[in-house]
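The next block holds one structure in the form of structure tokens; read it before the comments.
Residue numbers (our numbering): 241 to 1004.
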């Protein structure tokens, strides 16, 4: 055949250490139909400071692949919530082959068409809290590229018709495809009139959605005559691919014919039992009318070239596995993103008759619904059992309903079909199922009622069980509980949701408490972070005693908002917020930086020039507010104003030193007992904050930071200025000149000079 090659690429993205699914990078691809091979080229490179990061350490990168929906991953081996199904995915770990670059290749032969998702992340780190901008961080960038090769003009087989083919000696195989509509219970492929040098040296392979592989359903035509390959319960509304492959080493030309037969079970005569009224075939009231054995809004495909030519007299001879029971549709009600409820007509209570299953369909929209969680809940009405030992089994299958007629087999899987099993009875009347990131398309739920006996399960007699059925789509599992936050994330045009856990809780739904913080530890950490701000009380008292009232007001502001910010910033349940979190954080950061600013300005001793000091205080408040609004965690946006204040203090001290020709401050006791200890304490606090603080020790290291910063302010705040030290008016220099006495009021033109009192200003 003719091959066409397509190429897709994505923009490089920075990878993060894994903490939860919210920290991974997700990439979305679409593989076209008839693709025979897909090759992912995985490019990873390091960057540091805008250049290649040759000095960055090698960190392994894990990449996950899944078709239809994002991968449900668990690299930390945490526990999933109860009743949660975990779909599988491929995983690949990339290792570094060059100092700053590595490339990996992942090949998929005959991949499933549609959406494919790649998830990538770095290993979990130690949780160090780094100051933004303090040093150049190593960045690991990941860029996937996809190359697909697909066949065009694949021969299409029409059910009921034969296709002749002659395979030349240089050809090894022939590929066909046939479309399987809804309400098809069986696909039968047959090779006829096979003629070759060694009988019929052919392999017959069959696979859904993509060309067959070596492990697909196969039949050796040399050992089976006639060569027929049958597949029960095929996927509805999908292409099936038929591969006729020649045995290796067979000489000459091989000629054959291929035909396909589809067993159509959508007709009322096949699906409706003769002893039930028409309306009962839909499990609906008689007032709704005759359903004709079909789902609402669905109609059987017309008989023709695409239908199985089968006499109507064979309807009664069909086995139970080839009968399609009526499928009841569900009504989709969208409330919000990933918040969809599926309502059943004349529900939510469902009657399950004893002699046949009740089948329902849930349609998930492509791309839109695969980023949430599909929830299913069954609740049995015990009073409807009439004392019988009845068990209702539910099978949830993707793209085809499983309605096995074997009462002894309580399973939801076949050789080519896998599903999820639910069961409810009198002792366990509630059953739940959660499927994170479900594949889109049609999901079929089949409910059957069986009675338990000594010999296993058997059909019940005259007992119709009533079941409450609830199906809905939610963003996260139980909204991530009280120790998690459900986040709505986006990658390009694809939306998905994931839990971000706190207080040591882990897992897909934040339900794994193996490393969780106890209530006592949460209370202790909150008290440490809040009560450590009481250390600002001594600096406030010192400032008031020294008549630094503005500085005292700033310290009180800092102490108040730091206390309540940390009370609101706790990850657990010991949380108390008096304002919005963003307001508390801004005020806490502003108060901390203003405390440094006013302390340094006070140390500069600018009080005699009152106007200049007021301008500096106001200028500092405006600059710090602007810096915090730009980036609250940026290093230089916060360090710049502090260095500016230190520069003002250095200029003021230098000017006094030059004018007095003596070091300022002049006394060695001030240096030894106040300035040096205060500077050392402040430096120790900065070092702890910048290099020691991690997520695990944050509670006590940050509390020590509060104590040290408040203590350093008490040492560095200057003493009250002496009254005699203030600068008075300069003495008048005596020398040549004259004095001119002018009446002040007369000069201002306020009163009559003749009656004005003499209040003169003398100038020389």
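The beta carbon of each residue, even a glycine, is placed where N, CA and C say it ideally should be.
- Within the segment 608-654, there are no complete alpha helix (DSSP H) runs of at least 4 residues.
- Separation of the CB atoms of residue 831 and residue 798 is rounded to 3 Å, and the pair is thereby assigned contact status at 8 Å.
- The three-state secondary structure of residue 405, taken from DSSP, is strand.
- The bridge partners DSSP lists for residue 676 are 613.
- With a contact defined as Cβ atoms closer than 8 Å, residue 493 and residue 409 qualify at about 6 Å.
- Measuring C-alpha to C-alpha distances from residue 668 to each of 678, 681, 629 and 688 identifies 629 as the nearest.
- Distance between residue 676 and residue 827, taken at the CA atoms: about 40 Å.
- Contact fails between the segment 244-261 and the segment 337-344, because fewer than three Cβ pairs, one in each stretch, are under 8 Å apart.
- Classified as exposed, residue 627 has fewer than 16 neighbouring CB atoms from the shown chains inside 10 Å of its CB.
- The Cβ-Cβ distance between residue 704 and residue 592 falls below 8 Å.
- When the Cα atoms are used, residue 689 and residue 452 turn out to be separated by approximately 37 Å.
- The beta carbons of residue 351 and residue 275 sit closer together than 8 Å.
- Secondary structure at residue 281: strand, using DSSP grouped into helix, strand and coil.
- In this structure residue 727 does not touch residue 743 by the C-beta definition: roughly 16 Å separates them, more than the 8 Å allowed.
- If you compare the alpha carbons of 750, 601 and 922 with that of residue 835, the shortest gap goes to 922.
- Exposure of residue 701 is indicated by the presence of fewer than 16 other C-beta atoms within 10 angstroms of its C-beta.
- Restricting attention to 260, 767, 678 and 909, the CA atom closest to the CA of residue 578 is found in 678.
- Under a 10 Å Cβ-count criterion, residue 752 is classified as buried, with 16 or more other Cβ atoms of the shown protein chains found around its own Cβ.
- In the three-state reduction of the DSSP assignment, residue 347 falls in the strand class.
- Between residue 327 and residue 358, the C-beta gap is not smaller than 8 Å, which leaves the two residues out of contact.
- Contact annotation: residue 602 and residue 683 have beta-carbon atoms nearer than 8 Å.
- Taking the Cα of residue 621 as reference, the smallest distance to any Cα among 294, 355, 708 and 414 is reached at 708.
- With 16 or more other Cβ atoms from the protein chains shown falling within 10 Å of its own Cβ, residue 355 counts as buried.
- Following the DSSP letters along the chain, one finds residue 837 in no beta strand (DSSP E) but inside the alpha helix (DSSP H) bounded by residues 821-843.
- The three-state secondary structure of residue 938, taken from DSSP, is helix.
- DSSP places residue 880 in the helix class (H, G or I) of the three-state scheme.
- The shortest C-alpha to C-alpha distance from residue 815 to any of 321, 807 and 426 is the one to 807.
- By the criterion of at least three beta-carbon pairs nearer than 8 Å, the segment 419-432 is in contact with the segment 471-488.
- Residues 960 of the same chain have their beta carbon placed closer than 6 Å to that of residue 787, with the five preceding and five following residues left out of the count.
- When 257, 607 and 958 are compared, the shortest CA-CA separation from residue 913 is found for 958.
- Out of 800, 665 and 687, the CA that lies nearest to the CA of residue 651 is found in 687.
- Closest option to residue 599, judged by alpha-carbon separation, among 571, 658, 612 and 685: 685.
- Rounded to the nearest whole angstrom, the CA to CA distance from residue 404 to residue 454 is 24 Å.
- Residues of the same chain with a CB within less than 7 Å of the CB of residue 597, apart from the 5 flanking positions on each side, are 565, 643, 686, 687 and 688 in chain order.
- Between residue 346 and residue 443, the C-beta spacing is not below 8 Å.
- With a beta-carbon spacing of about 30 Å, residue 625 and residue 640 fall beyond the 8 Å limit used to define contacts.
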